[in-house]
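Comments concern the structure below.
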Amino acid sequence: MAMVGPDALLRGTPPEGRVHWRVLGGLVALNIMVRTVWLLYMHPPQYGDFDWYFTRAAELAEGKGYVWNGHFTAYWPIGWPLFLSLILRLTGPHITAGLVTNAVLSIVIVVLVYLVALQVFSSQRIAATAALLYTLLPSHILWNAVLGSEELFTVLLMLWLSLYLRSDRASGRQAAGWVFAAGAALGLSCIVRPIPVLFPAALFVYERWIRRRSWRTAGWRVLATAAAMGVAILPVTVRNALKMGHFILISTNGGVNLWQGTHIDGGYYWSWNFWENPLLAAHGDEVLQDEIGKQAALQYITAHPVIWLYHGLIKITDLYKDDVNAVWYTFHMVSHDGGVVWAWNLICNAGYWIFMALCALGVMGLIRVRFTGWRTLLLPFTYVVYNSLVFIAFPAWDRFRYPLMPSFALLAGCGLAWALGWLRSGLPGHLRANRQ
Numbered sequence: 001m002a003m004v005g006p007d008a009l010l011r012g013t014p015p016e017g018r019v020h021w022r023v024l025g026g027l028v029a030l031n032i033m034v035r036t037v038w039l040l041y042m043h044p045p046q047y048g049d050f051d052w053y054f055t056r057a058a059e060l061a062e063g064k065g066y067v068w069n070g071h072f073t074a075y076w077p078i079g080w081p082l083f084l085s086l087i088l089r090l091t092g093p094h095i096t097a098g099l100v101t102n103a104v105l106s107i108v109i110v111v112l113v114y115l116v117a118l119q120v121f122s123s124q125r126i127a128a129t130a131a132l133l134y135t136l137l138p139s140h141i142l143w144n145a146v147l148g149s150e151e152l153f154t155v156l157l158m159l160w161l162s163l164y165l166r167s168d169r170a171s172g173r174q175a176a177g178w179v180f181a182a183g184a185a186l187g188l189s190c191i192v193r194p195i196p197v198l199f200p201a202a203l204f205v206y207e208r209w210i211r212r213r214s215w216r217t218a219g220w221r222v223l224a225t226a227a228a229m230g231v232a233i234l235p236v237t238v239r240n241a242l243k244m245g246h247f248i249l250i251s252t253n254g255g256v257n258l259w260q261g262t263h264i265d266g267g268y269y270w271s272w273n274f275w276e277n278p279l280l281a282a283h284g285d286e287v288l289q290d291e292i293g294k295q296a297a298l299q300y301i302t303a304h305p306v307i308w309l310y311h312g313l314i315k316i317t318d319l320y321k322d323d324v325n326a327v328w329y330t331f332h333m334v335s336h337d338g339g340v341v342w343a344w345n346l347i348c349n350a351g352y353w354i355f356m357a358l359c360a361l362g363v364m365g366l367i368r369v370r371f372t373g374w375r376t377l378l379l380p381f382t383y384v385v386y387n388s389l390v391f392i393a394f395p396a397w398d399r400f401r402y403p404l405m406p407s408f409a410l411l412a413g414c415g416l417a418w419a420l421g422w423l424r425s426g427l428p429g430h431l432r433a434n435r436q
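Written as structure tokens, this is what we have:
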């Protein structure tokens, strides 16, 4: 009987473009194993933002509301603490429950990488390879031991992408339904992290000039997306108005972050000196602090536009230059051995740069085989460019790149699949055969 190799498995039934449940099941099983072993080994104390998230989630689970220092708050978006509180209602206020939740969300991201890659490339090989490479990205395993909002935000972002791509294969009311569902997912991501709030503007550029849809079609798709986002965000805005007496779309930390972005590029900045920090004049009033921060940032930007833009480019460099933040919140928190931290910094950086090198190889491979589905592929990268440009205004480091890496996994998977195909049998026909 003939032996069946991995390539034959990936090319076997179901046909290209259809979910291969055995492959997907294997990916899920691998992720369960890897992330379980990691969480059994590493469970550091939660620090800073992550401790804040857990405390707020525990209070929400106890029915105390979204409060901070005895007052209703909207300082950080409510989405992640609220979601985590639903888990803690079932398990009690245990950090382990949150870590397991983030591990499960990471597995969902892997599944979505696989599904989106199938939608873009109609290739089992690329879909499986992209999901596998994302699974093995070292820092994205390490982050599971930290109670950050990145996993939930990324799930919702990838869900938007998958649903929006489905609308391309539908028409009429069905297409409108997929667009609206995608917009709702994007709106929910905003209440976890508000970064995509202005994305409909970039989406219009994509629809009109990359997809080359008519003004009318591009317009209704973008308006439907924005309307669905508004519906998803509205309950949070209403809650903020009722509890805090102000119009607060999602959160009040935007002004603080903008002001910090005028003082530092790739880190955290704060000063307790009144002559250096105008935000101290708010005396803890987070709404007033937000307004002061926005005004101070705007004054700086208008007075020094060239310097601000120059530092904005440095911020984007800081967003992509390394991959060590997860090591700080895991090994650094539990180990006093600098050698261990150094070694894991090296591992994460090496894994990251190999991953990005595969992305570059993927681009070259797609050009070489004359890939015809590039308009579809540019949808996730329209968001990548938008998200990256947002950090011209805000302090940036590698943690904030986390939600973009599944999109890069599409190219990394393509790069490795192309390299293997080139070494074995020349130009892979499944890429050349792809059609819009």
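According to the UniProt record's numbering, the stretch in the sequence shown is residues 1 to 436, in order.
We put the CB at the ideal spot given by N, CA and C, even for glycine.
Is it buried or exposed for residue i, if we count other Cβ within 10 angstroms and need 16 for buried?
i, result
"D51", "exposed"
"N69", "exposed"
"Y402", "buried"
"Y114", "buried"
"E276", "exposed"
"P200", "buried"
"L258", "buried"
"Y352", "buried"
"Q299", "exposed"
"I141", "buried"
"L198", "exposed"
"P395", "buried"
"A128", "buried"
"N273", "exposed"
"T135", "buried"
"V146", "buried"
"V238", "exposed"
"D290", "buried"
"F64", "Residue identity check: residue 64 is Lys in the sequence provided, not Phe. With fewer than 16 Cβ atoms within 10 Å of its Cβ, K64 is classed as exposed."
"D337", "exposed"
"H332", "buried"
"residue 454", "Because the chain is modelled from 1 through 436, residue 454 falls outside the range shown and cannot be assessed."
"V67", "exposed"
"S139", "buried"
"R173", "exposed"
Going by DSSP, name the residue or residues bridged to residue i.
i, result
"H71", "W68"
Can you check which of these residues, the options, is closest to residue i by C-alpha distance?
i, options, result
"L165", "V146, V116, Q124", "V116"
"A175", "L186, R221, V34", "R221"
"L105", "L309, F121, V155", "V155"
"V37", "N144, V110, A360", "N144"
"W418", "L30, A360, F400", "A360"
"L40", "V287, A103, W259, W342", "A103"
"T55", "L27, G98, V23, N253", "G98"
"L420", "T372, W397, G362", "G362"
"F72", "S251, L159, G312, L379", "S251"
"P235", "G48, H332, G267, I78", "I78"
"G245", "G261, R208, E286", "E286"
"A409", "F121, H20, Y53", "F121"
"I107", "A326, L137, Y310", "L137"
"Q119", "A393, I354, L377, G187", "L377"
"L358", "W328, L379, G415", "G415"
Please state whether DSSP places residue i in a helix, a strand or coil.
i, result
"L136", "coil"
"Y206", "helix"
"G26", "helix"
"D398", "helix"
"I316", "helix"
"L105", "helix"
"K321", "coil"
"Q299", "helix"
"I126", "helix"
"P235", "helix"
"N349", "helix"
"R173", "helix"
"N273", "coil"
"V340", "helix"
"R211", "coil"
"G284", "coil"
"N304", "In the sequence as presented, Asn is not what sits at residue 304; that position holds His. It is coil, neither helix nor strand."
"Y53", "helix"
"W76", "coil"
"D168", "coil"
"R216", "helix"
"H332", "helix"
"W422", "Low per-residue confidence applies at W422: pLDDT is 43, beneath 50, and the placement is therefore not dependable, though the value from the model is reported in the following sentence. Residue state, collapsed to three classes: helix."
"V116", "helix"
Please check if any C-beta of chain B sits within less than 7 Å of the C-beta of residue i.
i, result
"V179", "Absence of chain B from the displayed structure is noted, only one protein chain being present."
Item to check | Minimum length 4: unbroken alpha helix (DSSP H) runs contained in the segment 355 to 416 | outcome: As far as the segment 355 to 416 is concerned, its whole alpha helix (DSSP H) runs of at least 4 residues are 374 to 390.
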